[in-house]
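Everything on this sheet refers to the single structure shown next.
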Amino acid sequence: MDFYILLILLGICCAILTAGFCGRTQRWGPWTMLIGISCLLLLIMVMIYKLSRVV
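Whatever position you read off the sequence shown (first residue = 1), add 181 for our numbering.
Okay, here's the thing in C-alpha cells:
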C-alpha cells in the first residue's frame, strides 16, 4: 500500500469518525463512529502486517 493511498484512507476514516461524532445524539451517529473506528483499526492492522513481513 502506497503512503499516499494510506493518507487518503486515513483522511476518509477520520471524516467518517467526525461525521459520526457530530451526529452522536441521533440514531446513526454511534454506528457511524463504530465504522470509523473499525476502519482506523483495520488500517493500523494492515500497516503492522506490512511492516512486520520479511520477504
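Glycine included, every Cβ here is placed at the ideal spot set by N, Cα and C.
Proximity to residue 200 across 225, 186, 215 peaks at 215, based on C-alpha coordinates.
Judged by beta-carbon spacing, residue 187 lies within the 9 Å limit of residue 224, meaning their Cβ atoms are closer than that value. Within the same chain, Cβ atoms closer than 7 Å to the Cβ of residue 194 are found at 217, 220, 221, 224, the five residues on either side in sequence being excluded. Where residue 204 is concerned, there is no enclosing alpha helix (DSSP H), because DSSP gives it neither an H nor an E. Secondary structure at residue 227: helix, using DSSP grouped into helix, strand and coil.
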